[in-house]
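Structure first, commentary second.
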């Protein structure tokens with residue numbers, strides 16, 4: 001009878017420390033998509049579809065500049081009038097800082113927010 005011999009490396013006794021396991025590289029475009037999705041989670045923010053290219057772009061729309069392990073983000077969102085625009089801008093900024101950082105592992109240093117009015121809320125009553 002033949003005997004099966006396996007050469008296997010022994011399993012390490014203890015796992016390597018997390019900081020020595022490697023690096024995570026997040027591309028700016030991936031972070032951009034995360035930021036746009038996270039911005040939509042804020043109450044009052046609405047998705048808009050762009051009209052003519054370059055004239056009225058879709059929102060939310062983000063641009064991201066990644067440098068090493070941190071990033072600078074600019075995000076444009078839309079809301080219906082009437083809306084507490086200042087509150088929405090602050091909530092988008094805070095939510096993107098927290099949630100996008102958590103999801104991507106990238107520290108967001110700055111988040112600049114622009115809010116535009118997408119239209120009038122038709123549900124208003126006089």
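In UniProt numbering, the protein residues as written are 1 to 126.
All C-beta atoms, glycine included, are put in the ideal place defined by N, C-alpha and C.
Worksheet entry | Where residue 99 sits in the DSSP three-state scheme | Counting from one through the chain shown, the residue named residue 99 turns up at place 99. Helix at residue 99.
Practice prompt. Would you decide whether residue 70 is buried or exposed? Buried here means 16 or more other CB atoms lie within 10 Å of its CB.
Written response: Locating residue 70 in the chain shown gives position 70, counting from the first residue. Answer is exposed; the Cβ neighbour count stays below 16.
Worksheet entry | Secondary structure of residue 94, DSSP reduced to three states | Stepping through the chain shown from its first residue, residue 94 is reached at position 94. Here residue 94 sits in helix by DSSP.
Practice prompt. Find out if the Cβ-Cβ distance for the pair residue 44, residue 80 is shorter than 9 Å.
Written response: On the chain shown, residue 44 is found 44 positions in, with the first residue counted as 1. On the chain shown, residue 80 is found 80 positions in, with the first residue counted as 1. Yes; because the gap between Cβ atoms is below 9 Å, this pair is in contact.
Item to complete: Can you give me the Cβ contacts of residue 116 inside the same chain, cut-off strictly under 6 Å, excluding the 5 residues immediately before and after it?
Response: Within the chain shown, the letter at position 116 stands for residue 116. Contacts found: 78.
Discussion item. Is the beta carbon of residue 121 closer than 9 Å to that of residue 62?
Written reply: Locating residue 62 in the chain shown gives position 62, counting from the first residue. Locating residue 121 in the chain shown gives position 121, counting from the first residue. Not closer than 9 Å, so no.
Worksheet item: Roughly how many angstroms lie between the CA atoms of residue 119 and residue 73, to the nearest whole one?
Response: Residue 119 sits at position 119 when you count from the first residue of the chain shown. Residue 73 sits at position 73 when you count from the first residue of the chain shown. Near 25 Å, if we compare the C-alpha coordinates of residue 73 and residue 119.
Discussion item. Tell me the residue span of the alpha helix (DSSP H) that contains residue 38.
Written reply: If you number the chain shown from 1, residue 38 lands on position 38. Start and end: 28 to 39.
Practice prompt. Assign residue 29 to buried or exposed, taking buried as 16 or more other Cβ atoms, counted over all protein chains shown, within 10 Å of its Cβ.
Written response: On the chain shown, residue 29 is found 29 positions in, with the first residue counted as 1. Residue 29 is exposed by the Cβ-count criterion.
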